[in-house]
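Each residue of the sequence shown is one higher than the one before, starting from 0 at the first, in numbering that gives the first Met the number 0.
Worksheet: the structure to be examined is printed underneath.
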Amino acid sequence: MATPDFIRAIRADAGQQLLWLPGVTAIVFDDDGRVLLGRRSDNGRWSVIGGIPEPGEQPAECAVREVYEETAVHCVPERVVLVQALEPVTYDNGDNCQYMDITLRCRAVGGEAKVNDDESLEVGWFDVDALPRLHEFSLFRIKQAMAAEGPAWFAPHTQDSRA
Numbered sequence: 000m001a002t003p004d005f006i007r008a009i010r011a012d013a014g015q016q017l018l019w020l021p022g023v024t025a026i027v028f029d030d031d032g033r034v035l036l037g038r039r040s041d042n043g044r045w046s047v048i049g050g051i052p053e054p055g056e057q058p059a060e061c062a063v064r065e066v067y068e069e070t071a072v073h074c075v076p077e078r079v080v081l082v083q084a085l086e087p088v089t090y091d092n093g094d095n096c097q098y099m100d101i102t103l104r105c106r107a108v109g110g111e112a113k114v115n116d117d118e119s120l121e122v123g124w125f126d127v128d129a130l131p132r133l134h135e136f137s138l139f140r141i142k143q144a145m146a147a148e149g150p151a152w153f154a155p156h157t158q159d160s161r162a
């Protein structure tokens, strides 16, 4: 996945130490209730669409931009599905990151699903009862987004010894 220029600038000073970053995931449904997925070029696996907001970019704007950049589909965010701090990840190059994921349910409003950048090998619409093999990250977000309305999901509170 392409590293945004502003992250490269931070890494020039911070090295590989842990960066706490926002992340946005878009669960996009079409009028037939199908979900939009992309097969990632970095690992070959099918996944939901997402990315990192640019500095000052709102989460909904990021979702719209990422979906279009990766799939050529235009979408409109409808609601926040969940907010979750993810586990830290160490990339192959040694960089460490931890993301606060904001997942949004979105509705497709135009465009034709196609590979639109170098982050995907394939993109397509899938019936929710006929999904390709997906990581639990994607499956959980799709499940939470299937309800057209409802409160956002938050990870359960854990006791902290610092309290």
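Just so it is clear, CB atoms sit at the ideal spot from N, CA and C, and this is done for glycine as well.
Taking a contact to mean a Cβ-Cβ separation below 9 Å, would you say residue i touches residue j in this structure?
i   : j    : result
L81 : Q143 : yes
E77 : R33  : no
A1  : D117 : yes
I51 : L20  : yes
Return the first residue and the last residue of the beta strand (DSSP E) that residue i is part of.
i    : result
E121 : 119 to 125
A112 : Counting along the chain, A112 falls outside any beta strand (DSSP E), and DSSP gives it neither H nor E.
E77  : 72 to 84
A25  : 18 to 28
Could you round the C-beta distance between residue i and residue j to whole angstroms and report it? I think they count as a contact, below 8 Å.
i    : j    : result
F5   : E53  : 7 Å
Q97  : L17  : 6 Å
E121 : R44  : Contact doesn't hold; Cβ gap of about 11 Å is too wide.
L35  : V72  : 6 Å
E69  : N115 : 6 Å
S46  : S137 : 5 Å
Would you mind sorting residue i into buried or exposed? The rule is 16 or more other CB atoms within 10 Å of its CB.
i    : result
A13  : exposed
R140 : buried
How far does the alpha helix (DSSP H) with residue i in it reach, from first residue to last?
i   : result
D12 : 4 to 13
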